[in-house]
Structure formats: structure tokens, C-alpha cells
Amino acid sequence: MTNAILLDERDNVATCTAPAHTGDTIKILGGNEIVCVEDIPCWHKVALRPIGVGEKIFKYGEIIGEASADIAAGAWVSHENIFSVPRDYVAEFI
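Using my numbering, read the sequence shown as starting at 100 and increasing by one per residue.
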């Protein structure tokens, strides 16, 4: 079993604290579990639910990118399937 950390309740990804392998059960600290559908390196993100192309990726309760492809629950979320989205930080804090 691999553990993962959920940083904010709004997040749709968690961070694995050890390598996860296809078929492993990932225990999200706080009680939830998900089955890993592909190998995920340590300290990388796992999708907690299916994420469709164009959906925002949330980590730390903040948008960290947008899905460039459909991402299955339990899949590795990386630069291969997300991209950065420009944000207007000044407007967000006014």
C-alpha cells in the first residue's frame, strides 16, 4: 500500500509519498483509497477522480493547471497530461 497526501479538500489530486505501481491501493491520508492505474513516481500526483480534458487541476486548493487529455481516476497527473493556465493574480487578490 502506498500513502498519499491530500493538501486541501478542494483538490482533485493527491501527492504520493512513495512510488505507486499499477494495481497498488493508494491510501489517502484522511481515509480514502484509490487503485493506481499506472506507475507513479514518489512525490508525484495521482488523480482522485476522472478528470476530463479542459478541466482545472486543483492542488493546495489552487488551480495548478488544466487537463490536456482525459485523466482516469488513479492515474499519474504530470506535465504529460496537464498544462499551465495563465492567471491574473493581481485581480484575484483585489
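The beta carbon of each residue, even a glycine, is placed where N, CA and C say it ideally should be.
A quick note: this is a predicted structure, and the numbers were derived from the prediction, not measured.
In the structure shown, VAL134 falls within a strand segment according to DSSP collapsed to helix, strand and coil. Taking a contact as a CB-CB distance under 8 Å, the pair ASN131 and THR116 does not count as one, their CB atoms being some 15 Å apart. Pairing GLY160 with ILE125, the inter-Cα distance amounts to about 20 Å. When DSSP states are grouped into helix, strand and coil, ALA103 belongs to the strand group. Non-local C-beta neighbours of GLU191 in its own chain, meaning closer than 7 Å and more than five positions away in sequence, are absent. In the DSSP assignment, VAL112 falls outside any alpha helix (DSSP H) and lies within the beta strand (DSSP E) extending over 112-115.
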